[in-house]
Amino acid sequence: MQRPPARQTQPVYRTTDVRARVVAASLLALIAVAMAPVSAQTYTGPTPAPRSTDAATLAATGRAREVRERFVRGVAAEERGDWSSAAAEFTRVVALDPPEPKGSSARYDLALAQTHLGRDDAAVALLEEALHRDPRFAAAAANLVAVDLRRGDLVAARRAADHYLAFAPDSVLARYGRGLAALRASDLATARGDFRVLIDADPSYATAHYDLAVVELHAGRDDVARAELEHALALAPNYARASFALGTVLVRAGRRADARIAFDRCAHDAEDPALRALAIDLRDRM
Amino acid sequence: MKHFLRWVTAGVLALGACAGAAMGAEMLLDDTGAVAVSSPPALLGPITESGRTGWDCAPEHAATARSANAAGLPHD
Chain X
871 MQRPPARQTQ
881 PVYRTTDVRA
891 RVVAASLLAL
901 IAVAMAPVSA
911 QTYTGPTPAP
921 RSTDAATLAA
931 TGRAREVRER
941 FVRGVAAEER
951 GDWSSAAAEF
961 TRVVALDPPE
971 PKGSSARYDL
981 ALAQTHLGRD
991 DAAVALLEEA
1001 LHRDPRFAAA
1011 AANLVAVDLR
1021 RGDLVAARRA
1031 ADHYLAFAPD
1041 SVLARYGRGL
1051 AALRASDLAT
1061 ARGDFRVLID
1071 ADPSYATAHY
1081 DLAVVELHAG
1091 RDDVARAELE
1101 HALALAPNYA
1111 RASFALGTVL
1121 VRAGRRADAR
1131 IAFDRCAHDA
1141 EDPALRALAI
1151 DLRDRM
Chain V
59 MKHFLRWVTA
69 GVLALGACAG
79 AAMGAEMLLD
89 DTGAVAVSSP
99 PALLGPITES
109 GRTGWDCAPE
119 HAATARSANA
129 AGLPHD
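First to last, the protein sequences are chains X and V.
Position one of the first sequence corresponds to residue 871 (the working numbering), numbered consecutively onward.
Position one of the second sequence corresponds to residue 59 (the working numbering), numbered consecutively onward.
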């Protein structure tokens, strides 16, 4: 009896299929490797190791690295409110005297630390130096105006605000700072103009209406002041200072019942205990 | 009589104090200086070594902003 021929097992893949798959996989791997730098998030590479043996070049590279490291540590310290550490880092950066924009930025950051440490004179000098190095440094100009206003130097605040507005005429921060400096120095015309421009730029800003009302109160135009205060309160109903000011205007107009309501509103909304106590006292006298 | 005089003196002093306080309040309301101006602007935050023209420098953006919210202006 003749045995039937043994059944030959067929290979699962033919040789040509295997080759094609290997080629395809290799191509995909190559494409993936080529695309990796494009698709991955890019970070700045490490600073190249110095290739020079020249002493001056090595010193310059070392200084640049120190400036970079101290900036990182100083900004981190300022962000967590550790002003002493920040001052130490930026004092060293200023001493290293890096080129722009690092030089003016270091002075700006050191000024920020100094003013939080109560050294406003040092902060002002640093901000002025930053502006000398970079005359259109708006953040430095803004902080210079703010520090001068806080320490009550109205002449310096006005000078700084004028310079700030000269190169950033559309800045609402510059306009607000100069308006405040002018109002505190009783330059009512400039203050009125600045707060009106501020209202035109941002009509929803209640504080500008309030400050314009204060200008008009000082000018003896109580009706205009009352209208601005009512506008401020329509925009910000819990604006305690505006309620208090409205109460004073209403008392002067002989409207004591309405004034009582305004003082009561102020007493309810005021977070400042002194303002609240004063409002309660005046309410109870109406 | 002595006690009576003491009570009268105390009463006069109390009335005087009340009148003084009331006059003080009226004088305060007549003085426009009693109405304080708004708060000074807050200090802007730190700037990195990239400087004010660096990527997304928040303090410089605030210093040149055209709206109160973007500039972080005070609300009191």
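All residues carry an ideal CB built from backbone N, CA and C; glycine is no exception.
These numbers were taken from a predicted model, which means no experiment stands behind them.
Chain-order list of residues whose beta-carbon lies under 7 Å from that of residue i (same chain, five-residue window excluded)
i                 : result
Val1085 (chain X) : Leu1053, Leu1058, Ala1061, Arg1062 and Phe1065
Ile105 (chain V)  : Cys115 and Pro117
Ala1144 (chain X) : none
Val937 (chain X)  : Val963, Leu966, Pro968 and Lys972
Ala993 (chain X)  : Ala981, Gln984, Thr985 and Val1017
Short Cβ contact (8 Å threshold) for residue i with residue j
i                 : j                 : result
Asp1034 (chain X) : Ala1044 (chain X) : First, the residue type needs correcting, since residue 1034 (chain X) is Tyr and not Asp in the sequence shown. The answer is yes: Cβ separation under 8 Å.
Leu1014 (chain X) : Ala1030 (chain X) : yes
Pro98 (chain V)   : Ala1016 (chain X) : yes
Leu1019 (chain X) : Leu987 (chain X)  : no
Ala1127 (chain X) : Leu1116 (chain X) : no
His133 (chain V)  : Ala1106 (chain X) : yes
Ala1000 (chain X) : Arg1028 (chain X) : no
Ala1110 (chain X) : Leu102 (chain V)  : no
Ala1149 (chain X) : Ala1137 (chain X) : yes
Thr1118 (chain X) : Val93 (chain V)   : yes
Gly944 (chain X)  : Asp979 (chain X)  : yes
Arg124 (chain V)  : Asp1040 (chain X) : yes
Glu107 (chain V)  : Ser1074 (chain X) : no
Ala1140 (chain X) : Thr122 (chain V)  : no
Ala126 (chain V)  : Ala120 (chain V)  : no
Tyr1046 (chain X) : Leu1068 (chain X) : yes
Residue i classed as buried or exposed, judged by whether at least 16 other C-beta atoms fall within 10 angstroms
i                 : result
Ala1011 (chain X) : buried
Gly973 (chain X)  : buried
Leu73 (chain V)   : The pLDDT assigned to Leu73 (chain V) is 49, lower than 50, so where the model puts this residue is not dependable; a value taken from the coordinates is nonetheless given after this. Label assigned to Leu73 (chain V): exposed.
Val892 (chain X)  : exposed
Glu939 (chain X)  : exposed
Ala895 (chain X)  : exposed
Arg1153 (chain X) : buried
Leu897 (chain X)  : exposed
Thr927 (chain X)  : exposed
Gly109 (chain V)  : buried
Arg1048 (chain X) : buried
Asp1004 (chain X) : buried
Ala890 (chain X)  : exposed
Val821 (chain X)  : Beyond the ends of chain X as shown, which are 871 and 1156, falls residue 821 (chain X); an answer cannot be given.
Thr111 (chain V)  : exposed
Ala971 (chain X)  : According to the sequence shown, residue 971 (chain X) is Pro rather than Ala. Buried, because 16 or more other Cβ atoms sit within 10 Å of the Cβ of Pro971 (chain X).
Ala925 (chain X)  : exposed
Ala79 (chain V)   : Caution applies to Ala79 (chain V), whose pLDDT of 48 falls short of 50 and renders its modelled position unreliable; the value that the coordinates give is listed next. Answer is exposed; the Cβ neighbour count stays below 16.
Ala1147 (chain X) : exposed
Same chain, Cβ closer than 8 Å to residue i, five either side skipped, listed in chain order
i                 : result
Glu998 (chain X)  : Leu1014
Asp1072 (chain X) : Val1042 and Ala1078
His1088 (chain X) : Leu1053, Ser1056 and Leu1058
Ala929 (chain X)  : none
Ala100 (chain V)  : Gly130 and Pro132
Ala1123 (chain X) : Asp1092 and Arg1096
Asp1142 (chain X) : Ala1110
Arg933 (chain X)  : Leu966 and Pro968
Phe1007 (chain X) : Ser974, Tyr978, Ala1000 and Leu1001
Asp1151 (chain X) : none
Leu1120 (chain X) : Arg1096, Arg1126, Asp1128, Ala1129 and Ala1132
Same chain, Cβ closer than 6 Å to residue i, neighbours up to 5 away in sequence not counted
i                 : result
Ala1112 (chain X) : Tyr1080, Leu1099, Ala1102 and Leu1103
Ala947 (chain X)  : Ser955 and Ala956
Arg1135 (chain X) : Ser1113
Arg1021 (chain X) : Asp990
Met1156 (chain X) : Arg1126, Ala1129 and Arg1130
Phe960 (chain X)  : Gly944, Ala976, Asp979 and Leu980
Asn1108 (chain X) : Asp1139
Minimum Cβ-Cβ distance from residue i to chain A less than 8 Å
i                 : result
Val1067 (chain X) : This model lacks chain A altogether, as its protein chains are X and V.
The stretch 978–996 of chain X / the stretch 956–968 of chain X touching (three or more Cβ pairs under 8 Å): yes
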